[in-house]
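Throughout the sequence shown, residue numbering follows our numbering, covering 593 to 769 in sequence.
As structure tokens, the structure follows; a few thoughts come after it.
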Amino acid sequence: MKKALFGILCVLIVAACHDVRKQKQLDQLSTLNTILVNIQQQVDSIDIVAWNQTRASTQETRRIIKANYTTDDTISLEFAQKLENYKAIEVNLSHFEKEREQFLEALQRARNAVKLLRNDVENSQGDRNAYDKNIAIEKKRVTELANYFAQWLETKTKCVNSYHDLHPTILEFTKSL
């Protein structure tokens, strides 16, 4: 009788420990999913139309300069640097939509992976000993995505700010050509 009671007690303790570990894993996956949802909302809130208008404006302005600027015209070194910076803005913004689509695809893959892993943990499917390792892998992926998004958004924002600084001067120059 004592052995049976001891055996049942051991099983209950192991089960309780497993439930605590399982809940911790589910909490970690919920946190990862929340981070991914927040990033998704930030990406969705970006005004694509305004960025595309900025890109189109730089392209049109540069087209006018290419069509009307000759090598006989002289400009200062400082203004030449502004033109180079303006060109860099166009190049950087021209990749915006493609980069955004690639990022959204990576974000969706990460969300799917977290969802599948959560499903495995909830239903105790697969190798339970690998859950923590798999959660760590997904956590690393989510961190990389968050860092990439922050860097990408900062770069694009700097481009738009540079555009607003340079465009009036460059536009005035095109009127003088």
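Glycine residues also receive a C-beta, built at the ideal position from the N, C-alpha and C atoms.
Check: Hey, would you say Ile729 sits closer than 8 Å to Gln617, going by beta carbons?; Outcome: no
Check: Nearest to Asp636 by alpha carbon, out of Tyr755, Phe741, Glu764?; Outcome: Phe741
Check: Do you know whose CA, among Leu763, Thr662, Asp724, Glu670, lies nearest Gln620's CA?; Outcome: Asp724
Check: Which whole-angstrom value describes the C-beta separation of Ile656 and Thr766, a residue pair presumed to lie in contact below a C-beta threshold of 8 Å?; Outcome: 5 Å
Check: Exposed or buried, which one is Arg701 when buried takes at least 16 other CB atoms within 10 Å?; Outcome: exposed
Check: Give the straight-line distance between the Cα atoms of Thr626 and Leu669, rounded to the nearest whole angstrom.; Outcome: 49 Å
Check: Please determine if the segment 741-759 and the segment 631-649 are in contact, where contact requires at least 3 C-beta pairs separated by less than 8 Å.; Outcome: yes
Check: Check this for me: beta carbons of Leu769 and Val706, under 8 Å apart or not?; Outcome: no
Check: Taking only the alpha-carbon atoms, compute the straight-line gap between Arg710 and Glu691 and give it to the nearest angstrom.; Outcome: 28 Å
Check: So for Thr653, helix, strand or coil by DSSP?; Outcome: helix
Check: Within 10 angstroms of its Cβ, does Lys750 collect 16 or more other Cβ (buried), or is it exposed?; Outcome: exposed
Check: Give the secondary structure of Leu769 by DSSP, where H, G and I count as helix, E and B as strand, and everything else as coil.; Outcome: coil
Check: Tell me whether the beta-carbon of Trp744 lies closer than 8 Å to the beta-carbon of Phe695.; Outcome: yes
Check: Would you please state the rounded distance, in angstroms, between the beta carbons of Arg654 and Glu676? I believe it to be under 8 Å.; Outcome: In fact, because the Cβ distance is near 11 Å, the residues do not count as touching under 8 Å.
Check: Check this for me: beta carbons of Ala738 and Ile631, under 8 Å apart or not?; Outcome: yes
Check: Less than 8 Å separating the beta-carbons of Lys731 and Leu624?; Outcome: yes
Check: Do you know how far the Cα of Gln645 is from the Cα of Asn660?; Outcome: 23 Å
Check: Less than 8 Å between the CB atoms is what I'm expecting for Phe688 and Lys748, so what's the real figure, rounded?; Outcome: 6 Å
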